[in-house]
Amino acid sequence: MTLMETKVVLEDGISVGGKELREIYEVVNHKKAYQYVKKCIAEGKILDEPIVKDIHAILTENIIVGGIYRNQEVRISGAGHVLPVGNGRYLSQKKIDWIITMPWKPMRYEESSENLQI
Numbered sequence: 002m003t004l005m006e007t008k009v010v011l012e013d014g015i016s017v018g019g020k021e022l023r024e025i026y027e028v029v030n031h032k033k034a035y036q037y038v039k040k041c042i043a044e045g046k047i048l049d050e051p052i053v054k055d056i057h058a059i060l061t062e063n064i065i066v067g068g069i070y071r072n073q074e075v076r077i078s079g080a081g082h083v084l085p086v087g088n089g090r091y092l093s094q095k096k097i098d099w100i101i102t103m104p105w106k107p108m109r110y111e112e113s114s115e116n117l118q119i
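Per this note's numbering, the very first residue in the sequence shown carries number 2; after that it's consecutive.
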């Protein structure tokens, strides 16, 4: 979806012809997730596992079931490795523990991707 099409969806609330519903939901869901994060920050909430799961649920609304840990194997197309059931919870908890130690703060574009040490 182009920037202009995204603007039309977000600002005018009009769907763009020829686009899949998934694309429309992805745009709308990102706006909702952004608003949710801003609300959490304004309320002084501490980033924790329920908030991370809420964000995931918002991002995947009307696309897949989100906000829960998977309960089945996941196969990656073209890869020989199959991700086991339940492994996501352990990996996610490690990431959540790391994220929780980070302060909520706005980030300018210049400070993003290339400068992040993840």
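For glycine and all other residues, C-beta sits at the position ideal for the given N, C-alpha and C.
#1: Among residues of its own chain, excluding the 5 on either side of Ile100, which ones have a beta-carbon nearer than 8 Å to its beta-carbon?
#2: Please report how far the alpha carbon of Ala34 lies from the alpha carbon of His82, in whole angstroms.
#3: Since Lys46 is in the alpha helix (DSSP H), which residue starts that stretch and which ends it?
#4: Quick one: what does DSSP say Arg71 is sitting in, helix, strand or coil?
#5: Taking DSSP as the reference, what is the three-state secondary structure of Ile25?
The relevant details are as follows:
#1: Leu48 and Val53
#2: 31 Å
#3: Premise fails: Lys46 is in no alpha helix (DSSP H) and is neither H nor E.
#4: coil
#5: helix
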